[in-house]
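In terms of mature numbering (1 follows the signal peptide of the UniProt record, and there is no 0), the sequence shown is residues -18 to -1, 1 to 352.
For every residue, glycine included, the Cβ atom is placed at its ideal position computed from N, Cα and C.
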Amino acid sequence: MMKLYRLLILFAVITANAQGNYKLLVGTYTNECKSEGIYIYDYNATDGGLKLKGSSEKVINPSFLTVSNDGKYVYSVNENGTKSTVSSFKYTPSSDTVDLINKKDAKGMDPCHIITDDTNVIVANYSSGSITVYGKKDDGALTNSKQVIAHTGSGSLAPQQKDSHIHMVQFSPDKNYVIATDLGANKMYVYNYNPKGDKETLVLKEEKIIAKVGSGPRHFVFNPNGSFMYLIQELDATLTVLYYGEGKMATIQELSIAPEDKDAENSAADIHITKDGKFLYATNRGEANSITVFQVHANGKVSKVQEISTEGIAPRNFAIDPDENFVLVANQKSNNIVIFKRDKTTGMLSDTGNRVEVCQPVCLVFTKVK
């Protein structure tokens, strides 16, 4: 009996270690309710539970975050109209702190997306339709802006498509390109990426209209081997599947995540794919407030598996946990994070009933505790 007991304890320890030890960073809007900006939670990989451990100090609207590859630094946009900035923080998981290092003018209005590698920080400015590039110093601080790229153009729907609105920037899987979505002009921009470049870190390779009129490209993900791209379009809640290779893309499938009620308001928001590339998830705000599950087939095309309520209002952002057992949804306007259990075989989600109250959560980023 004692031997069995010891084996059970050993199995429990091995299982816990295999699941990993993670933190969850939550970026918020700070102008609608009381928020310090960035929150740090302990994440329980066994049941998807969250425990608040720390926060930043009065950071304005850190509505999107990214973490350095070594896990030591956090970079955030500070969405604040003409006063918008970009900030760098020293991140110390052991003490649950994010301490401001420095901040720089965004050189654009309302930055909404941010990425980083070992050399640069690149930001999408929504309202000004521009991209800003910063270098990084050895202590994680941002340099002055190295490059600012302005875009022009418009689509067919006012007011969202009156002007260019860059909504996302992302590295290609091989890191040779940076790809940007323009919700206002229904375009995708592909830039050659020169990490060590000074004033020409990004050089335009291709400007492509791949979206339907009035669709509004917002966020995208690549499958694991980088051969397919999945693009969610905000204004008409369209999911577009594209073949991708060497900075080139071509549409192979389009389908809707909108509810059957054609008069319902749509506002598709976020999209993520599993590590094995078998399942894809996308959220829709508007009147739907839903997350849709798709199975991904060998030819890259998808088929709908499930549509489920996010049990909140305005699911702006979500994250699949690192072990892929749970999906956490940030419902901005109902001020909560809702945790769903994920079936790895079917991809389907079920509500755990677990809720975490937080002011206007809009970005969820997992970090591994080393």
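Legend entry - Residues that Tyr212 bridges to, as DSSP identifies them: Start at 1 with the first residue of the sequence shown, and residue 212 comes out as number 230. In the DSSP output, where bridge partners are listed per residue, Tyr212 has Val203 and Val223.
Inset, instruction - Would you list the residues sitting across from Met170 in a DSSP beta bridge? - result: Translated into positions along the sequence shown, residue 170 becomes position 188. According to DSSP, which records beta bridges pairwise, Met170 is partnered with Thr163 and Lys190.
Inset, instruction - Give me the Cβ distance between Pro304 and Gly259, rounded to the nearest whole Å; I'm assuming they're in contact under 8 Å. - result: As a first step, residue 304 is located in the sequence shown; it is residue number 322 there, counting from the start. As a first step, residue 259 is located in the sequence shown; it is residue number 277 there, counting from the start. With a Cβ gap of about 16 Å, Pro304 and Gly259 do not count as contacting.
Inset, instruction - Specify, as a first and last residue, the run of the beta strand (DSSP E) that Val195 falls within. - result: Here residue 195 refers to the residue found at position 213 of the sequence shown. First-last for Val195: undefined, no H or E at that position.
Legend entry - C-alpha distance - Tyr4 paired with Ser138, whole-angstrom precision: In the sequence shown, the residue the question calls residue 4 occupies position 22. In the sequence shown, the residue the question calls residue 138 occupies position 156. When rounded, the distance between both Cα atoms is 44 Å.
Inset, instruction - Give me the Cα-Cα distance between Phe153 and Gly268, rounded to the nearest whole angstrom. - result: Here the question's residue 153 lines up with position 171 in the sequence shown. Here the question's residue 268 lines up with position 286 in the sequence shown. Going from the Cα of Phe153 to the Cα of Gly268 covers about 29 Å.
Legend entry - Given Lys16 as reference, the closest of Val130, Tyr25, Asn43 and Asp29 once Cα atoms are compared: Working through the sequence shown from its first residue, we reach residue 16 at position 34. Answer by Cα proximity: Asn43.
Inset, instruction - May I ask you to list the residues that DSSP assigns as paired with Ile96? - result: For the purposes of this step, residue 96 is identified with residue 114 of the sequence shown, where counting begins at 1. Paired residues: Val105.
Inset, instruction - Within its chain, find whatever has a CB closer than 8 Å to the CB of Lys187; leave out the 5 residues flanking it on each side and keep chain order. - result: Stepping through the sequence shown from its first residue, residue 187 is reached at position 205. Only Tyr159, Val172, Tyr173, Asn174 and Gly229 meet the Cβ criterion.
Legend entry - Pro343 - DSSP class collapsed to helix/strand/coil: Stepping through the sequence shown from its first residue, residue 343 is reached at position 361. DSSP places Pro343 in strand when its eight states are reduced to three.
Inset, instruction - Return the first residue and the last residue of the beta strand (DSSP E) that Ile319 is part of. - result: Your numbering for residue 319 matches position 337 in the sequence shown. Counting along the chain, the beta strand (DSSP E) containing Ile319 begins and ends at Asn318 to Arg324.
Legend entry - Backbone CA spacing between Pro177 and Ile22 [nearest angstrom]: Here residue 177 refers to the residue found at position 195 of the sequence shown. Here residue 22 refers to the residue found at position 40 of the sequence shown. Distance between the alpha carbons of Pro177 and Ile22: 30 Å.
Inset, instruction - With DSSP collapsed to three states, give me the class of Ser37. - result: As a working note, residue 37 is residue 55 in the sequence shown. Here Ser37 sits in strand by DSSP.
Legend entry - Unbroken beta strand (DSSP E) run spanning Thr265, endpoints: If you number the sequence shown from 1, residue 265 lands on position 283. Taken as a continuous stretch (DSSP letters only), the beta strand (DSSP E) holding Thr265 covers Phe261 to Asn266.
Legend entry - Buried or exposed (CB count within 10 angstroms, at least 16 for buried), Val103: What you label residue 103 is simply residue 121 of the sequence shown in a count that begins at 1. So Val103 counts as buried.
Legend entry - Through-space distance from Ile83 to Ser272, alpha-carbon basis: Taking the first residue of the sequence shown as position 1, residue 272 is located at position 290. Taking the first residue of the sequence shown as position 1, residue 83 is located at position 101. The straight-line gap from Cα to Cα measures roughly 37 Å.
Inset, instruction - State the DSSP-derived secondary structure class of Lys65, mapped to helix, strand or coil. - result: Here residue 65 corresponds to residue number 83 of the sequence shown, with the count starting at 1. Helix at Lys65.
Inset, instruction - Name the one or two DSSP bridge partners that Met150 has. - result: Start at 1 with the first residue of the sequence shown, and residue 150 comes out as number 168. Looking at the DSSP assignment, Met150 forms a beta bridge with Thr163.
Legend entry - Pro75, DSSP secondary structure in three states: Your numbering for residue 75 matches position 93 in the sequence shown. Three-state DSSP puts Pro75 in a helix.
Inset, instruction - Pull up the distance between the alpha-carbon of Asn107 and that of Glu61, whole angstroms please. - result: Position 125 of the sequence shown, counting from 1, holds the residue named residue 107. Position 79 of the sequence shown, counting from 1, holds the residue named residue 61. Roughly 9 Å separates the two Cα atoms.
Inset, instruction - Look at the Cβ atom of His95, then the Cβ atom of Val151, and state whether they are nearer than 7 Å. - result: In the sequence shown, counting from the first residue as 1, residue 95 sits at position 113. In the sequence shown, counting from the first residue as 1, residue 151 sits at position 169. Yes. Within cutoff.
Legend entry - Ser136, DSSP secondary structure in three states: By one-based count along the sequence shown, residue 136 stands at place 154. Coil at Ser136, not helix or strand.
Legend entry - Segment limits, beta strand (DSSP E) that includes Thr327: Here residue 327 corresponds to residue number 345 of the sequence shown, with the count starting at 1. Element bounds for Thr327: n/a, residue is neither H nor E.
Inset, instruction - Pick out whichever of Leu346, Ile321, Asn13 and Thr134 has its Cα sitting closest to the Cα of Glu189. - result: Locating residue 189 in the sequence shown gives position 207, counting from the first residue. If we check each option's Cα against that of Glu189, Thr134 comes out closest.
Legend entry - Bridge partners - Pro297, DSSP secondary structure assignment: Locating residue 297 in the sequence shown gives position 315, counting from the first residue. The partner list for Pro297 (beta bridge, DSSP) reads Asn313.
Inset, instruction - Measure the alpha-carbon distance for Leu(-12) versus Glu306 and round it to whole angstroms. - result: As a position in the sequence shown, residue -12 is number 7, starting the count at 1. As a position in the sequence shown, residue 306 is number 324, starting the count at 1. For Leu(-12), the pLDDT reaches just 47, beneath the cut-off of 50, and the residue's location in the model is therefore unreliable, leaving the point undetermined.
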